[in-house]
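Enquirer: One structure follows; several queries about it will come next.
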Amino acid sequence: MVNVDKLKGKIVESNLNISSLAKKLDVNQATLYRKINNYGVNFTVKEIEIIGMTLNLTLEEMNEIFFKDYVAYNAKKTKNKERSSNENKDK
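One rule links them: number in the working numbering = place in the sequence shown (from 1) + 1.
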């Protein structure tokens, strides 16, 4: 899930708006609004890359905006698997 508030903040900080960002992405303004309001569920990797370059985002900012929940989910999933594996070894 995309951190919509942080993304919108970065758009404003970059002195851009949805219309100008949509042009950079080569999508209709309404399409970009839908993607943002759907928490970025339908952003492609290429679109994320273009947004990052257009807004001059650091790698850390990109991760916080686009991948934080995904990374946290996978980290939790991995931790649970490791815990389960260790419990099975102890038996």
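Positions of the beta carbon are idealized from the N, C-alpha and C atoms, including for glycine.
Tell me which residue opens and which closes the alpha helix (DSSP H) that VAL46 is part of.
Expert: Residues 46-55.
Enquirer: Buried or exposed for VAL13, going by 16 or more other Cβ atoms inside 10 Å?
Expert: It is exposed - the Cβ of VAL13 has fewer than 16 other Cβ atoms within 10 Å.
Enquirer: If you run the structure through DSSP and keep just helix, strand and coil, what is MET2?
Expert: MET2 falls in the coil class under three-state DSSP.
Enquirer: Enumerate in chain order the residues of its own chain whose CB-to-CB distance from ASP37 is below 8 Å, with the five nearest sequence positions on each side excluded.
Expert: Rather than Asp, the amino acid found at residue 37 in this sequence is Ile. Once the five neighbours on either side are set aside, the close Cβ partners of ILE37 are VAL3, VAL5, LEU8, LYS9 and ILE19.
Enquirer: Under a three-way DSSP split, which group does ASN39 fall into?
Expert: In this structure, ASN39 counts as coil in the three-state DSSP scheme.
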